[in-house]
Amino acid sequence: MSVIARLEVIPAREGNMSEAVASAVEALDRFDVSYETTPTDTVIEADDPSEVFAAAETAHRAVADERVITSLEVDEHRGRRQNRHDRVASVERALGRPAERERRGAVSEPRQQGMAGSSRQSVRGSSQQRPPETELRRYHGPVPADQQGGSQSAGQRRGSPPTETRPTGSRGMDTSSRGMDSRYLGPQQSPPR
C-alpha cells in the first residue's frame with residue numbers, strides 16, 4: 006500500500022509566513038514519512054494513512070499562531086506500491102519530456118540549496134542542476150518562422166508543433182492512442198440539430 010498526501014498549513018495572518026511554515030515542515034521529521042515542500046504545499050508519502058494523519062496533526066499544532074488553516078488531501082492506493090516519483094515519471098514518459106518548464110521570458114536564478122541541503126533536484130535523486138534554457142528548447146523546439154508574430158490559431162502556443170489530425174471513431178472520439186478500433190464504437194450517429 007502507498008499513501009500520498011498533499012498538506013497545506015497556513016497561519017492566517019499578514020506578513021511573512023516562512024518561519025511558521027518551517028515549524029510545520031520540521032514537525033514532519035518526527036514521523037516515518039517522506040516529504041517534499043513546494044511553493045504551495047508539502048507532498049507527504051507514507052506506508053500507512055495513520056502516519057500521514059498523525060504527521061499532519063503535529064504539523065498543524067507546530068504553528069503557534071492564533072489562527073491556523075490546514076488542508077489535507079490523502080490518496081491511498083490499497084494493494085499497490087507506487088511513490089510520488091513513480092507518478093511523475095509516468096506522466097513524463099507519456100509527455101516524452103520532463104513535466105516542467107520555465108515560462109518564456111522569465112528570469113530564473115539557479116535555485117540555492119537551503120540549510121538542509123535539499124532541492125527539488127536532490128529530492129528526485131538527481132545531483133545535476135536543471136538544464137539551461139537552451140537545453141530545454143529541445144523539448145519545445147524553436148519557434149517556426151511562420152509562427153513568429155501574427156495571429157495564431159486558438160489553443161496553439163508559439164513554438165508548439167502544428168496541430169495534427171488524428172483518426173477518430175464513428176462518434177468523433179480520438180482512437181489513435183487508445184488502441185481502439187473505431188468500428189467497435191457503435192453505429193455512426195448524426196449530431197442533434
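Read in order, the letters of the sequence shown correspond to residues 6 to 198 in our numbering. A virtual CB, placed ideally from N, CA and C, is assigned to each residue, including glycine. Owing to the predicted nature of the structure, the values given are computational and were not obtained by experimental measurement.
Following the continuous beta strand (DSSP E) through residue i, name the residue where it begins and the one where it ends.
{"i": "Val14", "result": "Ser7 to Pro16"}
{"i": "Ala111", "result": "Run containing Ala111: none; DSSP gives neither H nor E here."}
{"i": "Asp37", "result": "Run containing Asp37: none; DSSP gives neither H nor E here."}
{"i": "Ala51", "result": "Thr47 to Ala51"}
{"i": "Glu78", "result": "Val73 to His82"}
What residue does the alpha helix (DSSP H) around residue i start on, and which one ends it?
{"i": "Leu33", "result": "Taken as a continuous stretch (DSSP letters only), Leu33 belongs to no alpha helix (DSSP H), as it is neither H nor E."}
{"i": "Glu19", "result": "Here Glu19 belongs to no alpha helix (DSSP H), and DSSP marks it neither H nor E."}
{"i": "Glu62", "result": "Pro54 to Ala67"}
{"i": "Ala94", "result": "Arg89 to Leu100"}
Taking the alpha-carbon positions, what's the residue i to residue j distance?
{"i": "Leu100", "j": "Asp70", "result": "42 Å"}
{"i": "Glu105", "j": "Ile15", "result": "26 Å"}
{"i": "Ala29", "j": "Leu12", "result": "10 Å"}
{"i": "Gly84", "j": "Thr75", "result": "28 Å"}
{"i": "Arg102", "j": "Ala64", "result": "35 Å"}
{"i": "Thr42", "j": "Asp34", "result": "13 Å"}
{"i": "Val73", "j": "Arg18", "result": "9 Å"}
{"i": "Val20", "j": "Gln87", "result": "In the sequence under discussion, the amino acid at residue 20 is Gly, which differs from the Val named in the question. Their Cα atoms are separated by approximately 38 Å."}
I'd like the list of long-range same chain contacts for residue i, defined as Cβ closer than 8 Å, with 5 residues on each side in sequence excluded.
{"i": "Asp52", "result": "Met6, Ser7, Val8 and Asp37"}
Within the same chain, show all residues whose beta-carbon is closer than 7 Å to that of residue i, passing over the 5 residues directly before and after it, in chain order.
{"i": "Arg183", "result": "In this prediction, Arg183 has a pLDDT of 43, which is less than 50 and means its spatial position is unreliable; what the coordinates show is noted afterwards. Within the same chain, Arg183 has no close Cβ partners at all."}
{"i": "Glu56", "result": "Phe36, Asp37 and Val38"}
{"i": "Val93", "result": "Ala104"}
Who are the near neighbours of residue i in its chain, counting only those whose CB is closer than 6 Å to its CB and skipping five residues on each side?
{"i": "Arg89", "result": "Ile9, Val48 and Glu50"}
Answer yes or no: does any C-beta atom of chain C fall closer than 8 Å to that of residue i?
{"i": "Ala64", "result": "Checking the listed chains, one finds no chain C in this structure; it contains a single protein chain."}
### Query
Any chance the region 57 to 71 sits against the region 18 to 38, with 3 or more Cβ pairs inside 8 Å?
yes
### Query
With a cut-off of 8 Å, do at least 3 Cβ pairs link the region 17 to 25 to the region 46 to 54?
no
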